[in-house]
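Notes for the one structure printed next.
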Amino acid sequence: MYEAANLIDPAPLKAAIEGVATRSAVMLGSGGSYSVASFAAYIHQLRTGRLASACTPLDYMTLPLRDASVMCFTASGRNKDICAAFDEAAQREAKPLVGLVMREQSPLHDLAARYTYSRVVSAASDLFEDGFLAVSSLLGASILLLRAYRELVGEHTPLPATFNEFMESRISVPLDELVEHTLPAVTRETTSVLCSTALRPGTVDIESRFVEAALGNVHVTDLRNFGHGRHHWFAKRPETTAILALIGDDQEALATRTLELVPAEVPRARIDFRGPRDEQALAGLVVSLHLAAAAGQVRKIDPGKPGVPEFGRKLYHLAPARRRQARRVDVTDVAVWRKEMAGGLRASTKIEELREFCKIGIEKINRSSFAGVVFDYDGTLCEPDARFKPLSTDVANSLNKLLAAGALVGIATGRGGSAADRIREAIKQTYWSNVIVGFYNGAVVQPLSDGPPNSGDPSPEVLRLENLLRSTRYFSTCSFRSNTSQIAISLPTLEEATTSVRVAAAIVEQSGVKASVACSNHSVDVILEGGGKTAVVRAIRERAQCDANAPVLRLGDKGRWPGNDCELLDDPFGLSVDEVSASAESCWGLSPRGFLGVQATLYYLDRIDWHGGAGCIQLE
Numbered sequence: 001m002y003e004a005a006n007l008i009d010p011a012p013l014k015a016a017i018e019g020v021a022t023r024s025a026v027m028l029g030s031g032g033s034y035s036v037a038s039f040a041a042y043i044h045q046l047r048t049g050r051l052a053s054a055c056t057p058l059d060y061m062t063l064p065l066r067d068a069s070v071m072c073f074t075a076s077g078r079n080k081d082i083c084a085a086f087d088e089a090a091q092r093e094a095k096p097l098v099g100l101v102m103r104e105q106s107p108l109h110d111l112a113a114r115y116t117y118s119r120v121v122s123a124a125s126d127l128f129e130d131g132f133l134a135v136s137s138l139l140g141a142s143i144l145l146l147r148a149y150r151e152l153v154g155e156h157t158p159l160p161a162t163f164n165e166f167m168e169s170r171i172s173v174p175l176d177e178l179v180e181h182t183l184p185a186v187t188r189e190t191t192s193v194l195c196s197t198a199l200r201p202g203t204v205d206i207e208s209r210f211v212e213a214a215l216g217n218v219h220v221t222d223l224r225n226f227g228h229g230r231h232h233w234f235a236k237r238p239e240t241t242a243i244l245a246l247i248g249d250d251q252e253a254l255a256t257r258t259l260e261l262v263p264a265e266v267p268r269a270r271i272d273f274r275g276p277r278d279e280q281a282l283a284g285l286v287v288s289l290h291l292a293a294a295a296g297q298v299r300k301i302d303p304g305k306p307g308v309p310e311f312g313r314k315l316y317h318l319a320p321a322r323r324r325q326a327r328r329v330d331v332t333d334v335a336v337w338r339k340e341m342a343g344g345l346r347a348s349t350k351i352e353e354l355r356e357f358c359k360i361g362i363e364k365i366n367r368s369s370f371a372g373v374v375f376d377y378d379g380t381l382c383e384p385d386a387r388f389k390p391l392s393t394d395v396a397n398s399l400n401k402l403l404a405a406g407a408l409v410g411i412a413t414g415r416g417g418s419a420a421d422r423i424r425e426a427i428k429q430t431y432w433s434n435v436i437v438g439f440y441n442g443a444v445v446q447p448l449s450d451g452p453p454n455s456g457d458p459s460p461e462v463l464r465l466e467n468l469l470r471s472t473r474y475f476s477t478c479s480f481r482s483n484t485s486q487i488a489i490s491l492p493t494l495e496e497a498t499t500s501v502r503v504a505a506a507i508v509e510q511s512g513v514k515a516s517v518a519c520s521n522h523s524v525d526v527i528l529e530g531g532g533k534t535a536v537v538r539a540i541r542e543r544a545q546c547d548a549n550a551p552v553l554r555l556g557d558k559g560r561w562p563g564n565d566c567e568l569l570d571d572p573f574g575l576s577v578d579e580v581s582a583s584a585e586s587c588w589g590l591s592p593r594g595f596l597g598v599q600a601t602l603y604y605l606d607r608i609d610w611h612g613g614a615g616c617i618q619l620e
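Under the working numbering, the first residue of the sequence shown carries the number 1, and numbering increases by one thereafter.
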């Protein structure tokens, strides 16, 4: 099983967690998968430096958590509680929303298909079939997580080739002696587990196994928290308590001093761990399995077949907790909720004001005639992780239908030739002359029929600004692409875009160059005066030979500052498919709850009609 998990390609999981890695994360697990969630939370914090918390489905559904990514773990994908929590996360529009399932197909896959912005990663192997202990899926998922997070931060060190090699290199006790070595820690009624930080996921698994198989009582704490009152247990119950110490190589001296102070009559077992901390955490899960075997041996209980009483089966099959309130289906309610999330908590009177603004905005959109419609590309016409793939059949068909009715279509993208190729693949050549594309965030605006865009040489102002940005330590490891009026800065995987925008904006302001700074999912863009995605709106109006203020429908995903669609969508006819601004007069998200990205774009497209050279959209 170790070898099988070591051979699975971690790339799909790495791609899914790229967005997770730049944010705080909630890791959801139930039963045995809670141990995986705890391991994932530790690895996330270790590798990204950002907070993460393991959480049960019920806790997540009853806490008003916001602005956190969510990962769900379930071996079979059938766990009702996990599926309910995944649905809740999608309804809250938690981003990113990722599931890891050790099967190719499952109910969780089906649920993710309802919310296409979410991702479920399959890690299937015949060796991951589980019994009561869920050993195979626990270790398989944990190994895959460890490898994916390593790849994410650019560390390509492989795990040892075999399971025995791995364990021999990480723990102080030979693997075949582990059960016997831990027996002193489980001979008493209660086992007090002292652990280093890296071993915390293993202690979560120990507690779970001891309770689920009725193997004994377990207390868990770290070495210093033990000294703040918890030691009193040993003063009162030394005859019924034993100690298991799981110690990382960064806390060996502290562990020795701590254990020397515990009364000698308290039985104990100590295991020292060494090596990379993520591997120590993985080895801690293996030790948990052997400790359960040792406790089972003492109590004559098979941890893998403890017996399940009838009331236990009924408890397992109880329906998951439902949402605390009826789901809001009115588009106004959903739109106001999105604005509330964007602008912070508001008083009830302010929310009612927002609701009125929303109704007025919808009425204005519904009664307007449009000269054309302008789309952002990445995140709007294609999902961010599919930006170099062909546009989906649904998107291509919808665009061609719109163009066949006589619409003028604008597409604004930060990219150049690669986006042009994908657009031409999707749109019939007959309509190319009616598609206006703004490449490099509007630096080059031309009909799709004109051929590949020419980015042009960077202007002197662009070169001066690029040199200033490159010379700062903050951007010293970034890659740069420049043209006549734009500088695109590709950020390292774990870099938080908002901070990068602020740093770049400060440099731009000091330079005296007139330019705006915004970000996409993958870069920070510095756009000189005259560029920007609104250049495509102006080109549509010129092509339609209409008034300079004629309504043009605009769709984008990054409407909140510093997103690179905030200027485009800062208009009464700007609709967001993802992030909305705090403005009450523009950039509303009017798709159903949980419809984000391409799914929201298709929702809007399905409601656009074009007749006699003018378009309209009917929103609820």
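For glycine and all other residues, C-beta sits at the position ideal for the given N, C-alpha and C.
Can you tell me whether residue i is buried or exposed? The criterion is at least 16 other CB atoms within 10 Å of its CB, across all chains shown.
i	result
residue 440	buried
residue 366	exposed
residue 430	exposed
residue 388	exposed
residue 567	buried
residue 257	exposed
residue 164	exposed
residue 359	exposed
residue 517	buried
residue 316	exposed
residue 200	buried
residue 545	exposed
residue 332	buried
residue 92	buried
residue 232	exposed
residue 467	exposed
residue 569	buried
residue 437	buried
residue 506	exposed
residue 251	buried
residue 30	buried
Just to confirm my understanding: we take residue i, look at its own chain, exclude 5 residues before and 5 after, and list those with CB closer than 7 Å. What are they?
i	result
residue 77	101, 103, 106, 107, 108 and 109
residue 343	582
residue 207	218 and 220
residue 541	371, 548, 550 and 552
residue 433	447 and 449
residue 263	234 and 238
residue 280	170, 198, 199, 248 and 273
Go to residue i, then tell me how far its beta strand (DSSP E) extends in each direction, as first and last residue.
i	result
residue 446	444-447
residue 375	373-376
residue 245	241-247
residue 27	25-28
residue 489	486-490
residue 193	190-195
Since residue i is in the alpha helix (DSSP H), which residue starts that stretch and which ends it?
i	result
residue 182	178-186
residue 341	331-343
residue 480	Residue 480 -> not in any alpha helix (DSSP H); beta strand (DSSP E) instead, spanning 479-482.
residue 153	Unbroken run through residue 153: none, as it is neither H nor E.
residue 294	277-299
residue 315	310-316
residue 209	200-212
residue 40	33-48
So, at 6 Å on beta carbons, what are the nonlocal neighbours of residue i in its own chain, with the 5 sequence-adjacent residues on each side left out?
i	result
residue 19	96
residue 385	15
In chain order, what residues of the same chain have a beta carbon less than 8 Å from the beta carbon of residue i, not counting five sequence neighbours either side?
i	result
residue 50	21, 22, 23, 24, 25 and 44
* Counting Cβ pairs closer than 8 Å, one from the segment 589-609 and one from the segment 461-478, do we hit at least three? -> no
* Counting Cβ pairs closer than 8 Å, one from the segment 369-379 and one from the segment 410-421, do we hit at least three? -> yes
* To do: May I have a chain-ordered list of the alpha helix (DSSP H) segments no shorter than 4 residues that lie completely inside the segment 530-601?
  => The segment 530-601 contains these whole alpha helix (DSSP H) runs: 534-544 and 566-569.
* **alpha helix (DSSP H) segments (min. 4 residues) lying fully within the segment 63-121** => 80-91 and 107-114
* Touching by the beta-carbon criterion (3+ pairs, under 8 Å), the segment 267-275 and the segment 183-191 -> With the cut-off at 8 Å, the segment 267-275 and the segment 183-191 touch.
* For the segment 301-315 against the segment 552-565, are there 3 or more C-beta pairs whose distance is under 8 Å? -> no
* In chain order, which alpha helix (DSSP H) runs of at least 4 residues are fully inside the segment 411-446? -> 417-426
* Asked: Three or more C-beta pairs closer than 8 Å, one from the segment 519-529 and one from the segment 417-437: is that the case here?
  -> The answer is no - the segment 417-437 does not touch the segment 519-529, with fewer than three Cβ pairs under 8 Å.
* Cβ pair count under 8 Å reaching 3, the segment 433-447 against the segment 478-494 -> Yes: at least three Cβ pairs fall under 8 Å.
* contact_flag[the segment 12-27, the segment 138-152] where n(CB pairs < 8 Å) is 3 or more -> yes
* To do: Check whether the segment 152-167 touches the segment 234-245, counting contact only when three or more Cβ pairs, one atom from each stretch, lie closer than 8 Å.
  => no
* Check whether the segment 349-357 touches the segment 53-71, counting contact only when three or more Cβ pairs, one atom from each stretch, lie closer than 8 Å. => Between the segment 349-357 and the segment 53-71, the count of Cβ pairs shorter than 8 Å is below three; the stretches do not touch.
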